[in-house]
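Enquirer:
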Amino acid sequence: MDFTKMEFIKSAASARDFIRDGLPQAVFVGRSNVGKSSVINSIARRKNFARVGSRPGKTGQINFFLVDKAFYIADLPGYGYAEVSKAERDRWGRLMEDYFASGLATLGVQIVDARHKPTADDVTMMNVFKSHATDVIVVANKADKCKPSELPGNMTRIRETLDISEDTPLLSYSAVTNAQRESLLIALDWALSL
6 MDFTKMEFIK SAASARDFIR DGLPQAVFVG RSNVGKSSVI NSIARRKNFA RVGSRPGKTG
66 QINFFLVDKA FYIADLPGYG YAEVSKAERD RWGRLMEDYF ASGLATLGVQ IVDARHKPTA
126 DDVTMMNVFK SHATDVIVVA NKADKCKPSE LPGNMTRIRE TLDISEDTPL LSYSAVTNAQ
186 RESLLIALDW ALSL
């Protein structure tokens, strides 16, 4: 699987725009400003491929990327950004609910901040994956900003806060240095059975 062979296909603003061609879909989620687009760029080895917003909460649609003609990355809007209007947050919430209700998600990739305890929104998102019995990979991004001595404790806190089993992959990651990129690609490959 060549993860650098990634192409943007479309943005979906409503359920009628979702891609339903039978290919697996790895849905990437994370709170605004956690570096979700940067992780996708890191996977693709391209600097400005996924749109990195000039401000958090900018992406209000689901963006679909086709990877090596084998599966899609469905990049959902970032959650937890307070400066977006309530009406816009509600619209995003409905869009995300429609996506999960559609049964299109083959795999969840939840991106959290390696430096901090997951937020209540992170826990809610994990519970959505659990309620839909969706396998999940947790990516603790911004690990390059942690002291090496802090990282093991932070990873334990993330696992405990999200209440995930030892079987759930939890990777410390850096979209800046590409640390653990190969581990993430292997986990994606295995989880999607490609």
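Mapping of the sequence shown onto my numbering: residues 6 to 199, in sequence order.
Backbone N, C-alpha and C define an ideal beta-carbon position, used for all residues, glycine too.
From what residue to what residue does the alpha helix (DSSP H) around MET11 run?
Expert: Segment 11 to 17 is the beta strand (DSSP E) holding MET11; no alpha helix (DSSP H) there.
Enquirer: For GLY35, which beta-bridge partners are listed by DSSP?
Expert: ILE116
Enquirer: In the DSSP assignment, find the unbroken alpha helix (DSSP H) run with GLN44 in it and report its ends.
Expert: For the record, residue 44 in the displayed sequence is Val; it is not Gln. Taken as a continuous stretch (DSSP letters only), the alpha helix (DSSP H) holding VAL44 covers 41 to 49.
Enquirer: Going by DSSP, what residue range makes up the alpha helix (DSSP H) through SER188?
Expert: 186 to 197
Enquirer: With DSSP collapsed to three states, give me the class of LEU175.
Expert: strand
Enquirer: Using a Cβ-Cβ cutoff of less than 7 angstroms, which residues in the same chain neighbour ARG164 once the five nearest sequence positions on both sides are dropped?
Expert: LEU175
Enquirer: At which residues does the alpha helix (DSSP H) containing ALA125 begin and terminate?
Expert: First-last of the alpha helix (DSSP H) with ALA125: 125 to 136.
Enquirer: Around the C-beta of ALA18, are 16 or more other C-beta atoms found within 10 angstroms, so that it is buried, or is it exposed?
Expert: Under this definition ALA18 is an exposed residue.
Enquirer: Let's test the definition: count the other Cβ atoms within 10 Å of the Cβ of ARG60 and tell me whether it reaches 16, buried, or not, exposed.
Expert: Residue placement at ARG60 is flagged as unreliable, the pLDDT there being 45, under the threshold of 50; a coordinate-derived value is accordingly withheld.
Enquirer: Whole angstroms are fine: how far does the CA of GLN185 sit from the CA of ASP22?
Expert: 33 angstroms
Enquirer: Between GLU93, ILE116, LEU112, which lies nearest to SER43 when the distance is taken from Cα to Cα?
Expert: ILE116
Enquirer: For the candidate residues VAL141, ASP127, ASP118, ASN68, whose alpha-carbon lies nearest to that of MET160?
Expert: ASP118
Enquirer: Following the continuous alpha helix (DSSP H) through LEU167, name the residue where it begins and the one where it ends.
Expert: It spans 156 to 167 - the alpha helix (DSSP H) in which LEU167 sits, taken as one unbroken run.
Enquirer: Alpha carbon to alpha carbon, how far is ALA148 from VAL128? Give it in angstroms, no decimals.
Expert: 20 angstroms
Enquirer: Thinking MET200 and ALA75 are a contact (beta carbons under 8 angstroms), I'd like their distance in whole angstroms, please.
Expert: Any property of residue 200 remains undetermined from this structure, which presents the chain solely from 6 to 199.
Enquirer: List the endpoints of the continuous beta strand (DSSP E) containing ILE142.
Expert: In the DSSP assignment, ILE142 falls within the unbroken beta strand (DSSP E) covering 140 to 146.
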